[in-house]
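Take a look at the structure set out below.
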Amino acid sequence: MHYSYIARQPIFDRSLQVYGYELLFRNSDENVFPDLHPDEATSQLLLQQHLIGDIDTVCLGKQAFINFHSNTIIHKFPNFLDSKNVWIELLETVDISPELRKACDITSRHGYRIALDDHDFSDRWQQLMPNINLVKIDIQDHGLNLEKRLRWFKERGLPLLAECVETQDEFDACKELGFDFFQGFFFERPEIIKRQSLSPQKASMLSLMSEVFKAELDFKKLAKVIQADLSLTYSLLKLVNSPAVGLRTQVRDIGHALAYLGEAEVKKYLALVILANISNDQPEELNIKSLTRARFMELILQNGEERRDGSSAFMVGMLSLIDVILQQPLDDILAKLPLAPELNEALTERSGKIGRMLAIVEAYEQADWDKVDTLMSAQNLNDMDLGKLYLDASQWCRLLLAA
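According to UniProt numbering, the sequence shown holds residues 1 to 403 in order.
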């Protein structure tokens, strides 16, 4: 069974703040919005149910960039979406017909912004330029010797987005060229990891995380450590009282939190507070991605045939980017954390049940739908609505960040 899947890829500004997300749909190799036919009586309802309610959740309230077929634009389906939050992307493969030019003109006059995807510097696009608000350029296709080619856009004040930025060096080069936005996996690649000593504050937080991951948690000792740090106390209480946790009573102090939530939940939420502390000098998206992965993996395990407790999967998801966050080799970090062997193997080798769950989540994030299907089938998870679980994880993450 093929469920509706929507993944996202972050778009950063020059300060590495997330400006928005490109939405990636399962329905085709191009990850484009479904090509709805105007004669279908249910098309508008399908659009509303399929996407409108999900955009804000998946994009965490940020801008949404969506690839549309020319036919879908001509028949005004993007007009059902909020022009303040949605960018319309034109694929490089579209046929620039008179109908499309007219549709783009009308769409622009209604306040929608149009991005030209994978621009190939062909003259054929000139006829659409009056309606274009952003140009995306794949640097893997065109290289970085682009200064002369970009001059025309800069002279007209047209923002530029560099696509497929895979390394920190490429990001730096694109900034030097004057790109305004950046898309790719550069922010989580091993190339940005530098061997350097941890700051005293991060070393202290890692030591506390080590206490959290011990098989038998010493609640009294832990409560004393947390209470001695006012910032940590405030953050933990704020987190456990947030809508994302959904408690029916207000947790007043650390002792109350430990007694009311239980060991597994306290470990989980304390680990989240520590993660937020050690990632505060890194792009926020790393924290967002870690949180979403953690909850996504927890939900997958909880919704499988065995209905297993998902706390271990949650921890693996949460730690899956910690080497990038701390700019330290993963093996060095794991040597300081008393994780069970199967969790270590899940993080380093993607092996074992939880490691394979992490592999599914990573494939989903990259919209590698064939790999998702293969991995899901190998785990007998074909009947699981992965798309809904991803939306649930995104909503949980948003509530948590709003706390």
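Backbone N, C-alpha and C define an ideal beta-carbon position, used for all residues, glycine too.
Task: Rounded straight-line distance, which links the Cα of A264 to that of I74 - done: Taking the first residue of the sequence shown as 1, we reach residue 74 at position 74. Taking the first residue of the sequence shown as 1, we reach residue 264 at position 264. In a straight line, the C-alpha of I74 is about 53 Å away from that of A264.
TODO: Drop a sphere of 10 angstroms on the beta-carbon of K238, count the other beta-carbons inside from all chains shown, and report buried for 16 or more, exposed for fewer.
DONE: Against the sequence shown, residue 238 aligns to sequence position 238. K238 is exposed by the Cβ-count criterion.
Open item on the list: My output table needs one value for Q9: the three-state DSSP class, helix, strand or coil.
Closed with: Looking up residue 9 in the sequence shown gives position 9. The answer is strand: DSSP assigns Q9 an E or B state.
- [ ] Within the same chain, show all residues whose beta-carbon is closer than 8 Å to that of G310, passing over the 5 residues directly before and after it, in chain order.
- [x] On the sequence shown, residue 310 is found 310 positions in, with the first residue counted as 1. So the list reads M297, E298, L299, I300, L301, Q302, once near-sequence residues are dropped.
Open item on the list: How far does the alpha helix (DSSP H) with V212 in it extend, from its first residue to its last?
Closed with: Here the question's residue 212 lines up with position 212 in the sequence shown. Per DSSP, V212 belongs to the alpha helix (DSSP H) from 200–212.
Task: Distance CB(L90)-CB(D120) smaller than 8 Å - done: Taking the sequence shown and counting its residues from 1, one reaches residue 90 at position 90. Taking the sequence shown and counting its residues from 1, one reaches residue 120 at position 120. The answer is no: Cβ separation not under 8 Å.
Task: DSSP beta-bridge partners of K136 - done: In the sequence shown, residue 136 corresponds to position 136, counting from 1. Answer by DSSP bridge pairing, in chain order: L161.
Open item on the list: Do R14 and D180 have their beta-carbon atoms positioned less than 8 Å apart in this structure?
Closed with: The sequence position of residue 180 within the sequence shown is 180, counting from 1. The sequence position of residue 14 within the sequence shown is 14, counting from 1. Cβ distance < 8 Å, so D180 and R14 count as in contact.
Open item on the list: Across the segment 340–350 and the segment 370–382, are there enough close Cβ pairs to call them in contact, namely three or more that are closer than 8 Å?
Closed with: no
Open item on the list: Could you tell me which whole alpha helix (DSSP H) segments of length 4 or greater appear in the segment 325–354?
Closed with: 330–334, 341–349
Task: Segment contact flag, the segment 389–398 with the segment 57–68, C-beta cutoff 8 Å, min 3 pairs - done: yes
Task: Where A64 falls: helix, strand or coil (DSSP) - done: Sequence index remark: in the sequence shown, residue 64 carries index 64 (1-based). Here A64 sits in strand by DSSP.
TODO: May I have a chain-ordered list of the beta strand (DSSP E) segments no shorter than 3 residues that lie completely inside the segment 262–322?
DONE: none
Open item on the list: Does A335 pass the burial test, meaning 16 or more other C-beta atoms within 10 Å, or should it be called exposed?
Closed with: For this step, residue 335 is matched to residue 335 along the sequence shown. Burial call: exposed.
TODO: State yes or no: is the C-beta of L275 within less than 8 Å of the C-beta of M318?
DONE: The count along the sequence shown starts at 1 and reaches residue 275 at position 275. The count along the sequence shown starts at 1 and reaches residue 318 at position 318. It is a contact, given that the beta carbons lie within the stated cut-off.
Open item on the list: Is it buried or exposed, residue 433, if we count other Cβ atoms within 10 angstroms and call 16 or more buried?
Closed with: The requested residue 433 does not occur in the structure, where the chain is confined to residues 1 to 403.
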